[in-house]
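Novice: Got a structure for you, written out below as structure tokens; questions coming shortly.
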Amino acid sequence: MDPRSEVLLRQADLFQGRVLLAGLPADDLLGTLPEAQGWCWHAGDQQALAARFGERSHFGTEAPQADFDAAVIFLPKSRELANYLLNALASRLAGKNLYLVGEKRGGIEGAAKQLHALGKPRKLDSARHCQLWQVTVESAPVGVPLASLAQRYELALADGPMTVISLPGVFSHGRLDRGTALLLEHLDGLPGGQVLDFGCGAGVVGASLKRRYPQSQLTLLDVDAFAAASSRMTLEANGLEAEVITGDGIDAAPLHLDAIVSNPPFHTGVHTNYQASENLLRKAAKHLRKGGELRIVANSFLRYQPLIEEHLGVCAIRAEGQGFRIYRAKRG
């Protein structure tokens with residue numbers, strides 16, 4: 001059981017009604033709160049929750065439309081996403097209770113200060129390195145549409161300017177990260193055909209690929225519903241079309257690909273987690289055609305080259321700089 005869920009269950013009598021659990025982990029919490037409903041935007045967690053609890057877990061960037069008596073927000077890593085969740089739920093909870101639970105290392109104490117705008121918050125519990133806060137919503141805000149929170153910026157690329165649109169919670173929200181910037185400089189010479197942008201985020205790499213290789217059949221894949229929505233917005237803003245899907249890692253990707261391009265993730269919430277990236281490197285060969293290419297950017301300190309060579313074939317360092325490396329390998 002996730003420690004945040006354990007803290008909630010220490011006060012289980014508060015959550016026996018129609019409670020919405022926003023950003024809940026994929027544990028047994030829904031099983032112990034029979035009237036509760038989940039709202040999830042992580043495809044892996046949603047897959048696990050749906051397998052056990054069916055339609056009791058809602059997936060997407062918008063809260064479910066069903067009425068609820070109270071809501072719990074599991075504090076996300078992103079402050080912008082936390083602000084969106086607080087607004088989206090508090091706007092529907094006038095006179096009702098809103099709860100915030102999170103890890104101390106995740107900034108729960110600072111985030112709880114935002115509850116003052118809604119009413120008089122109080123700390124209900126502190127255990128398992130987590131805290132649980134509650135506020136009765138006395139001043140319900142006006143709901144703000146998610147699209148209005150999108151950040152838009154322009155990239156000056158070699159083949160012309162590109163518009164990027166990102167939503168709260170998406171990796172490198174509102175700016176171009178150094179690893180992706182390096183990767184954008186080294187997208188030449190890729191095989192045509194079926195191409196995957198793995199961990200697409202706001203769609204920067206995917207949009208660049210589609211513009212550079214317009215005849216390619218491009219798929220953008222991310223585990224996060226907000227990232228997928230951002231990628232669709234970026235593609236539309238640049239007049240491009242591609243398939244955007246959500247799924248839990250490389251297992252959700254199409255087969256028979258000609259190329260996989262990625263700035264792979266290595267964080268889950270506030271925790272470092274290399275599982276998605278390492279699974280990509282171990283299983284890329286299963287998703288590539290013979291002669292298909294894997295091209296990724298990664299921090300220089302990560303020992304990805306031996307892992308790529310073990311599972312795919314000879315791996316070359318195509319470029320490096322700013323603490324990052326571009327790795328390239330082909331399936332033999």
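Numbering-wise (UniProt numbering), the sequence shown opens with residue 1 and increments by one. Cβ coordinates follow ideal geometry from the N, Cα and C atoms, glycine included.
My output table needs one value for residue 325: the three-state DSSP class, helix, strand or coil.
Specialist: Residue 325 falls in the strand class under three-state DSSP.
Novice: Taking the alpha carbon of residue 282 as the reference point, which residue from 306, 299, 9 has its own alpha carbon closest?
Specialist: For residue 282, the nearest C-alpha among the options comes from 306.
Novice: Check residue 190 in the structure and name its three-state DSSP category.
Specialist: Correct three-state label for residue 190: coil.
Novice: Sorted by chain position, which residues of the same chain lie with C-beta nearer than 7 Å to residue 137's C-beta, five sequence neighbours on each side aside?
Specialist: Excluding positions up to five away in sequence, the list reads 90, 93, 94, 95, 96, 98, 118, 119.
Novice: Can you tell me whether residue 309 is helix, strand or coil according to DSSP?
Specialist: If DSSP states are grouped into helix, strand and coil, residue 309 belongs with the helices.
Novice: May I have a chain-ordered list of the beta strand (DSSP E) segments no shorter than 3 residues that lie completely inside the UniProt domain "Methyltransferase small N-terminal" (5-153)?
Specialist: You should have 19-22, 37-40, 57-59, 70-74, 97-103, 122-127, 130-136.
Novice: Identify every run of the beta strand (DSSP E) within the region 163-245, keeping only runs that are complete inside it and at least 3 residues long; order them along the chain.
Specialist: Those beta strand (DSSP E) runs which fall completely within the region 163-245 and span 3+ residues are 194-198, 217-222.
Novice: Between 175, 167, 134, 26, which has its C-alpha nearest residue 153's C-alpha?
Specialist: Ranking the options by Cα distance to residue 153, first place goes to 175.
Novice: On the three-pair Cβ rule with 8 Å, is the region 65-82 touching the region 103-110?
Specialist: Counting Cβ pairs under 8 Å, three or more are found: they touch.
Novice: Can you tell me the Cβ-Cβ gap for residue 41 and residue 20, rounded? I've got them flagged as a contact below 8 Å.
Specialist: So it is not a contact: roughly 13 Å between Cβ atoms.
Novice: With which residues is residue 296 paired in a DSSP beta bridge?
Specialist: 262, 327.
Novice: At the level of alpha carbons, what is the spacing between residue 207 and residue 133?
Specialist: Going by the C-alpha atoms only, they are around 41 Å apart.
Novice: Roughly how many angstroms lie between the CA atoms of residue 56 and residue 37, to the nearest whole one?
Specialist: The straight-line gap from Cα to Cα measures roughly 5 Å.
Novice: Cutting at 7 Å between CB atoms, please list the residues of its own chain near residue 7, excluding the five before and the five after it.
Specialist: Around residue 7: 101, 125, 127, 128, 130, 132.
Novice: Please list, in chain order, all residues of the same chain as residue 228 whose beta carbon is under 8 Å from its beta carbon, the five residues on each side excluded.
Specialist: Same-chain partners within the cutoff: 200, 220, 222, 244, 245, 246.
Novice: For residue 79 and residue 123, what's the separation of their Cα atoms in angstroms?
Specialist: Going from the Cα of residue 79 to the Cα of residue 123 covers about 20 Å.
Novice: Considering only the alpha carbon of each residue, which of 277, 320, 23 lies closest to residue 308?
Specialist: Closest option to residue 308, Cα to Cα, is 277.
Novice: Is residue 302 helix, strand or coil when you go by DSSP?
Specialist: Residue 302: coil per DSSP, three-state reduction.
Novice: Can you name, in chain order, every residue of its own chain whose Cβ lies under 8 Å from the Cβ of residue 32, other than the five neighbours on each side?
Specialist: The answer, listed in chain order, is 9, 12.
Novice: Taking a contact to mean a Cβ-Cβ separation below 7 Å, would you say residue 230 touches residue 167 in this structure?
Specialist: Taking 7 Å as the Cβ cut-off, residue 230 and residue 167 qualify as a contacting pair.
Novice: Roughly how many whole angstroms lie between the Cα atoms of residue 71 and residue 85?
Specialist: Roughly 10 Å separates the two Cα atoms.
Novice: For residue 278, write down the residues that DSSP places opposite it in a beta bridge.
Specialist: DSSP, once it has assigned bridges, lists no residue as partnering residue 278.
Novice: With burial defined as no fewer than 16 other Cβ atoms inside 10 Å of the residue's Cβ, what is the status of residue 45: buried or exposed?
Specialist: Answer is buried; the Cβ neighbour count reaches 16.
Novice: At the level of alpha carbons, what is the spacing between residue 204 and residue 210?
Specialist: When rounded, the distance between both Cα atoms is 10 Å.
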